[in-house]
Every structure is written in structure tokens, then in C-alpha cells.
Amino acid sequence: MENLSILTRLDYTLMIVAIGAALLGAVSGTLGTYAVLRRQSLLGDAISHAALPGIAIAFLLTGSKTPLILVLGAAIAGWLGTLFILSIVRLTRIKYDSALGIILSTFFGFGLVLHTLIQRTGNANQAGLDTFLFGQAATILESDVLTIGILGGIAIVIMLVFWKELKLLVFDEGFAASLGFPIRALDILLTSLLVIAIVLGLQAVGAVLMSAMLVAPAVAARQWTDKLSVMMLLAAGFGALAGVGGTIISSSASRIPTGPTIVLCATVVVGFSIVLAPNRGLLWNRLRYQRNKRNLKMLGGQLFQSEEQ
Amino acid sequence: MIQEHLDIQLIAIVTAVACALPGVFLVLRRMTLMSDAISHAILPGIVLAFFLTESLSSPLLILAAAATGVLTVVFVELLQRTKLVKEDAAIGLTFPALFSIGVILISRFAGNVHLDMDAVLLGELAYAPLNRLDIFGYDVGPVSVYVMGTILLLNLTFILLFYKELKLATFDASLAATLGFAPTLIHYGLMTLVSVTTVGAFDAVGSILVVALIAGPPATAYLITNRLSLMLTLSAVIGSVNAVSGYWLAYLFDVSIAGAIATMTLLMFGLVFFLVPNRGLIAIARRRTRQKWEFAQTMLVIHLFNHEGLPEAEAESEVAHLHEHLRWDPAFAAQVVKYALNNRCVLQEETQLTLTERGRTVAQQALVQ
Numbered sequence: 008m009e010n011l012s013i014l015t016r017l018d019y020t021l022m023i024v025a026i027g028a029a030l031l032g033a034v035s036g037t038l039g040t041y042a043v044l045r046r047q048s049l050l051g052d053a054i055s056h057a058a059l060p061g062i063a064i065a066f067l068l069t070g071s072k073t074p075l076i077l078v079l080g081a082a083i084a085g086w087l088g089t090l091f092i093l094s095i096v097r098l099t100r101i102k103y104d105s106a107l108g109i110i111l112s113t114f115f116g117f118g119l120v121l122h123t124l125i126q127r128t129g130n131a132n133q134a135g136l137d138t139f140l141f142g143q144a145a146t147i148l149e150s151d152v153l154t155i156g157i158l159g160g161i162a163i164v165i166m167l168v169f170w171k172e173l174k175l176l177v178f179d180e181g182f183a184a185s186l187g188f189p190i191r192a193l194d195i196l197l198t199s200l201l202v203i204a205i206v207l208g209l210q211a212v213g214a215v216l217m218s219a220m221l222v223a224p225a226v227a228a229r230q231w232t233d234k235l236s237v238m239m240l241l242a243a244g245f246g247a248l249a250g251v252g253g254t255i256i257s258s259s260a261s262r263i264p265t266g267p268t269i270v271l272c273a274t275v276v277v278g279f280s281i282v283l284a285p286n287r288g289l290l291w292n293r294l295r296y297q298r299n300k301r302n303l304k305m306l307g308g309q310l311f312q313s314e315e316q
Numbered sequence: 069m070i071q072e073h074l075d076i077q078l079i080a081i082v083t084a085v086a087c088a089l090p091g092v093f094l095v096l097r098r099m100t101l102m103s104d105a106i107s108h109a110i111l112p113g114i115v116l117a118f119f120l121t122e123s124l125s126s127p128l129l130i131l132a133a134a135a136t137g138v139l140t141v142v143f144v145e146l147l148q149r150t151k152l153v154k155e156d157a158a159i160g161l162t163f164p165a166l167f168s169i170g171v172i173l174i175s176r177f178a179g180n181v182h183l184d185m186d187a188v189l190l191g192e193l194a195y196a197p198l199n200r201l202d203i204f205g206y207d208v209g210p211v212s213v214y215v216m217g218t219i220l221l222l223n224l225t226f227i228l229l230f231y232k233e234l235k236l237a238t239f240d241a242s243l244a245a246t247l248g249f250a251p252t253l254i255h256y257g258l259m260t261l262v263s264v265t266t267v268g269a270f271d272a273v274g275s276i277l278v279v280a281l282i283a284g285p286p287a288t289a290y291l292i293t294n295r296l297s298l299m300l301t302l303s304a305v306i307g308s309v310n311a312v313s314g315y316w317l318a319y320l321f322d323v324s325i326a327g328a329i330a331t332m333t334l335l336m337f338g339l340v341f342f343l344v345p346n347r348g349l350i351a352i353a354r355r356r357t358r359q360k361w362e363f364a365q366t367m368l369v370i371h372l373f374n375h376e377g378l379p380e381a382e383a384e385s386e387v388a389h390l391h392e393h394l395r396w397d398p399a400f401a402a403q404v405v406k407y408a409l410n411n412r413c414v415l416q417e418e419t420q421l422t423l424t425e426r427g428r429t430v431a432q433q434a435l436v437q
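Quick look at the structure:
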């Protein structure tokens, strides 16, 4: 009976949400691979928080709540925040982590100021901050799925076009620079792609949890392979899996928010990968350690015997 | 009304200083993002403790939530120690997971408890003075002042007592270890302080903006000074200025106080970033321009010096020909001559340039170097 009730709930709305979450997971898993490999896992956190003032300003300027306009505002603010972070690191002795922390929190604070300003001017039906912070996966419509698919697809196509350049940037920046590749332009291109992925996810999982969608699938994928292309495909798969899994679990009981459930699903995939992945995984390491120990003992015994003779 | 103004500003200042002091060490140790992680990850701790105590400012809640914060640090380090995950990714994995658990707990049981999500995440300084501490029937001020005051005192005591150890562990962890100063212990002590401070402050400013208070003033002070003691003092002062100016900004426009304080933190950082002598953006730009002209002037006097008293001198020191000899653009050459004239390194008679005594010394010095 329990199974049947879940099956009957796999209705049209749920399917749309699941498809949206899966697409989102795939796009952020793919692009997050770069962030994780470049040790910029927390850049996503910064971009998603920094997007808030952009949304508020877009609303104040146009007075419209059209998703596309708000998304554009979010993208510009997120992009600007990243540019600030990069400039602070380049021009002062303040390190990456502090620059990230400052921009993330103060941009968000400024967004909060604008948000209260909007509320005060009496737009009562303005979407609450909760939506921005945690997302509302349940409100994903067919048109949103289309937007995610098209914009995410464009981002991935751009990534594929610059595949060789970005790969070089990630693994050996110095070498790339010495070959004459425009490092800063590539850096900004990669960041812009990340911004697209994050802004797309704001509606579904929200600002606070979007960073996890970039990091978790990529970290899980990293454990299974040493090849960039395989890692990226795996990350996309894990991201999509977490998206669908989270959507179905959260719909199976009342009052379980979708965004956090998706994040927890992704975290479970990471835990599973860290323990079980062949070669790198903890379990594998443990077995190898014991095998080595046994072999050494046998070798030691043989040496001992040969000395006695 | 006046009392309320004073109360809120007092709470804001005490919170800002309490956050800025441990923040200095986080900024120097490149661990700012740990505070971001802690501030998010304490959510399940707060929720669980709230189920037990049903109050947002009980000491038990602060302790339970702070314990979650320390647990986060342990988690991140355990993940890192597997060598399968880098530090940034370990942070990026741990806190969203814990935060998600917190959010799910809240929405699952939101009906049974009165816990406002916005209050936890964004804080509301304006309501802080309403919760007052009564001792024997006397109103002795808002509870928040005493909670944050205690935390501030705790931070101050820790830093004063272990100043030497903190300094050593921050700037040279391996030396600290070899001398037996237990940098790991110092590290966990600091992380405990950060957790307690974050939990104490979320009541006033919420968990996201705590990062602005922890990272903002120390980073601003770091642009100004090289001395640890001065950096601590400056951070406290800058934090207070941000808090007070942020309060009045919020009052003026009737907006979120915590948000306005964060906005002032950004403005203050930007201001110092541009204006601070020696390291500021404007100072750097001015130094570069000055160096450019100095260098060009040196080139000019060396050129004149090399040909001084020789038969070709007349042709070589002709103003109109300079750009050919030094491969300068004519407009640039004219500006360099003007610059050198102003500095009294050369004299101009008709179209001929001659070196002054000073110009000769400059050239000689440059050639010796």
C-alpha cells in the first residue's frame, strides 16, 4: 500500500519538479567540478548570497516579478561580487577566504536593507526572503524547467567549446599563462558559467544550499575517477540522482522541504563514495593497508629465515 | 525612546567588538570561512536546544549550539584528514548538510514550537531591548547586553591570557609546536570562542550577517596596520563605528539594522581600501605615476649627463630632438622636460637643456646604482 501511494503521487506536478531538480543537479554537478578542482568550492556560497541585492534592485528598477528579470539582476550582482573578491585578493594582502567572507555577508546585508525597503513601500505580495534562502522547489513550473534546460545547456555548450583551455586553467594555470592563454579572461568566463548555474538553482534550493549542489556531486565523483571527463559525467549523474531522490523523498511525507532534502541526498552520495570508492575510498585503503602489513610480515619472516641459514 | 536608541546601540557595539576580536585571528589564520560554516551549522543545535528549553536566550541553548559549532570544526577536520577532500570542499560539504537538517527539523515541527526562521537567520536587533533582565524587581537593562557582554569578556580574557601563544600559533604554527605551545589546543580554544560568539550574536544580527561582523573589521584593520596589538584595537574601534553608523542608517531609512550594519561594514572596507596611505588603491596608483615620471626624469638627466661637454652636446640636448634620442613620444617628452624643470634638475635656455648641479647629482647617483 505504501509503495502504491508513492506511485500515485508521481503525478504531473511532481514529475515536472523532479525533472527540474534533475536538470539542475546535472548542470551544477558538471560546472561544480571545476570549482572543486580549483579549490573554490565556497565561491558558490558567496555568489548565491551576493545575488540578493541584485534581485532587490531588479525589482525596484522594473517593478516586475518576472523570473527572467530577477534572475538577470541576481546574475549581475553575483558576478560583480565575484569580481570584487578577485580584485581584493589581487590588489591587497587580504587572503581569498576573508575576501569571500566579507563580500558574501555584506552584499547579503545590503540586499536585506533593500528588501526591507521594498517591504516598507507596501509590496505585500513580494516574495519572502525564505524563498530566496531555501528555495521553493514545489513551485517549479514547466516554463522554469525550460529555462533551466536552455540556459544550463548553453552554459555547458560554452564549457565544451573551451574544454581544452579550461582544463589547462584548472590543472596548470602557470603553464597556461606561459603558453599565452588569457588567464584572467578564462577565469572570468569560468566564473560566469558558475554564476549561471547558481542563479538557476536559487529558485529551487535557495541561496544557502545552492553551494552544496556545486560541491557535493563533484566531490563524490572525484573519488571514483582520475579523469576530468569521467568525473564530470559522474558529477552530473550524481547531481541528477540527488535532485530526483530529494524530490521523491520530500513528497512522500508532509512538511519535508525539498531543497534541504536534495542536499542531504547529495551528502549521502558523498559519504557512500568516500567510504566505498575503489582505490581511493576509506574501505579500500584499509584493506590495502592490511594486505601490505601481511605481505611485509611474510617478507620479514622469510628474511629472518634466510639470515638463520 | 532615547533609552531605546541607547540600548540598541549598546547591544550593537558589544556584539561587534565581541565578534571582531576572535575575527582578527581567523583572518590572519585564513580561516574566515570556518565562521561562515559554524554560523550556518549551529542551526540544528539551536533547534534541538530550543525544543528542550523553549527559549532563544537561555544559557543552555547557547552551550548546545556552540557545541554543534565545535562539532562542525571536528567534522571538517576529519573529512580533511581522509585526504580525499580538500579543506574548502570539506567546509562546503559539512555546513549545508547540518544546515539542511536544521531546516528540516524546523519545518517538520514548526507547528509545535514557536521558532521564527527569519529571527534565527537574519536576527532582529530592534526587538533585542524588549527582552529585559530583572534583578530583584529592578530593570537593569536588556538581556542581550549581559549575554554579549559576558561573551566579550570571555573573548578578551582568552586573548589577553594566551596572547603570546595565539600570536605564535598564528604566525608560526610549527615553531609553536616545537616549543611545546600546543597549537592544536589553541586552535580548538579559538574555535570554541568563535562558536560561542556566533551563537550569542545570532540573536542580534542573525547567522548570515555574523560573518560580516567577524571578518569585516579585522580585514579592514589588516589593510591599515602590521602590528597584531594595533590590529586588535583597530578592529574593535572599526566594528563599533560600523555598528553605530549602521544603526543610524537603518533608523534614517527605516530598514533592517543588521543589514545596515553589514552595508556600513562594506562601505568602511571600501573606503579604507581606496584611501589608506601606502597600501590603498589611490596610494598605489599615485606611487606608480610618480615612479613613472621619476624614471623618465632620470633617463633624461642621464642622457644629458652622458653628452655633457662633448661636441655633440648641442644636438643631443635640443628639446625638439629628445623624443628621437630617447625614443619618446613628443608629447610625453615635453611633459618629462616640464617635470624635470619643476624639480630643478635641468634648465632650459631657448631650445637647449642644460643640467643643474642637482640634475648632475641625480644622474651620477643613478649611474652608480
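Chains A and B are the protein sequences, given in the same order.
For any residue, its number in the working numbering is found by taking its place in the first sequence, counting from 1, and adding 7.
For any residue, its number in the working numbering is found by taking its place in the second sequence, counting from 1, and adding 68.
Cβ atoms here follow ideal geometry from the backbone N, Cα and C, with glycine treated the same way.
How would you call residue i, buried or exposed, if buried means at least 16 neighbouring beta carbons within 10 angstroms?
i: ASP391 (chain A); result: Only positions 8 to 316 of chain A appear in the structure, and residue 391 (chain A) is not among them; the question remains open.
i: PRO127 (chain B); result: exposed
i: VAL164 (chain A); result: exposed
i: ARG229 (chain A); result: buried
i: HIS73 (chain B); result: exposed
i: VAL82 (chain B); result: buried
i: SER261 (chain A); result: exposed
i: GLN210 (chain A); result: buried
i: GLU155 (chain B); result: buried
i: HIS389 (chain B); result: exposed
i: THR225 (chain B); result: exposed
i: GLN309 (chain A); result: exposed
i: ASP397 (chain B); result: exposed
Locate the alpha helix (DSSP H) running through residue i, then write down its first and last residues.
i: VAL323 (chain B); result: Unbroken run through VAL323 (chain B): none, as it is neither H nor E.
i: GLY209 (chain B); result: Careful: GLY209 (chain B) lies outside any alpha helix (DSSP H), inside the beta strand (DSSP E) at 206 to 210.
i: GLY57 (chain B); result: The requested residue 57 (chain B) does not occur in the structure, where chain B is confined to residues 69 to 437.
i: ILE54 (chain A); result: 50 to 69
Check the Cβ-Cβ distances between residue i and every residue of chain A, and say whether any is below 8 Å.
i: PHE341 (chain B); result: yes
i: PHE321 (chain B); result: yes
i: PHE337 (chain B); result: yes
i: THR238 (chain B); result: no
i: VAL208 (chain B); result: no
i: ILE203 (chain B); result: no
i: ALA444 (chain B); result: Absent from the model: residue 444 (chain B). The displayed extent of chain B is 69 to 437, so no value can be given.
i: ALA86 (chain B); result: no
i: ILE276 (chain B); result: yes
i: ALA241 (chain B); result: no
Run down chain B in chain order and give the residues with a C-beta less than 8 Å from the C-beta of residue i.
i: ILE263 (chain A); result: ILE172, SER175, ARG176
i: SER218 (chain A); result: GLY160, PRO164
Closer than 8 Å, CB to CB, is residue i near chain B or not?
i: THR198 (chain A); result: no
i: GLY61 (chain A); result: no
i: PHE141 (chain A); result: yes
i: ILE83 (chain A); result: no
i: ASP194 (chain A); result: no
i: GLY160 (chain A); result: no
i: ALA249 (chain A); result: no
i: ALA65 (chain A); result: no
Just curious, the beta strand (DSSP E) that residue i is in, first and last residue?
i: PRO243 (chain B); result: Checking the sequence shown, residue 243 (chain B) turns out to be Leu, not Pro. Where LEU243 (chain B) is concerned, there is no enclosing beta strand (DSSP E), although the alpha helix (DSSP H) it sits in stretches over 241 to 246.
i: VAL414 (chain B); result: 414 to 417
i: LEU129 (chain B); result: First-last for LEU129 (chain B): 127 to 149, but that is the alpha helix (DSSP H), not the beta strand (DSSP E).
i: LEU143 (chain A); result: A quick correction: the sequence has Gln, not Leu, at residue 143 (chain A). Neither: GLN143 (chain A) is in no beta strand (DSSP E) and is coded neither H nor E.
i: GLN420 (chain B); result: 420 to 423
Can you name the residues of chain B whose CB is closer than 7 Å to the CB of residue i?
i: VAL226 (chain A); result: VAL153, ALA157, LEU161
i: SER35 (chain A); result: Simply none; closest approach about 12 Å.
i: LEU49 (chain A); result: LEU101, ASP156, ILE159, GLY160
Taking residue i as the query, report the chain A residues whose CB atoms sit under 9 Å from its CB, ordered along the chain.
i: TYR290 (chain B); result: THR99, ARG100, ILE101, SER105
i: GLY327 (chain B); result: PHE115, GLY116, PHE117, GLY118, LEU119, VAL120, LEU121, HIS122, THR123
Please list, in chain order, the chain A residues whose beta carbon lies closer than 7 Å to that of residue i.
i: THR429 (chain B); result: The premise fails here: THR429 (chain B) is roughly 36 Å from chain A at the closest Cβ pair, so nothing lies under 7 Å.
i: SER168 (chain B); result: LEU216, PRO267, VAL270, LEU271
i: VAL309 (chain B); result: Those do not exist, as VAL309 (chain B) stays about 15 Å from chain A at its closest Cβ, beyond 7 Å.
Chain B partners of residue i, CB-CB under 9 Å?
i: ILE109 (chain A); result: THR100, VAL279, ALA280, ALA283, GLY284, ALA287, THR288, THR333, LEU334, PHE337
i: VAL177 (chain A); result: Simply none; closest approach about 13 Å.
Taking residue i as the query, report the chain A residues whose CB atoms sit under 8 Å from its CB, ordered along the chain.
i: THR150 (chain B); result: ILE281, LEU289
i: ARG358 (chain B); result: Simply none; closest approach about 18 Å.
Give the residues from the region 268 to 287 of chain A that approach chain D closer than 8 Å (Cβ to any Cβ), ordered along the chain.
Absent from the structure: chain D. Protein chains present are A and B.
Residues in the region 112 to 123 of chain A with C-beta within 9 Å of chain B's C-beta atoms, listed in sequence order?
SER112, THR113, PHE114, PHE115, GLY116, PHE117, GLY118, LEU119, VAL120, LEU121, HIS122, THR123
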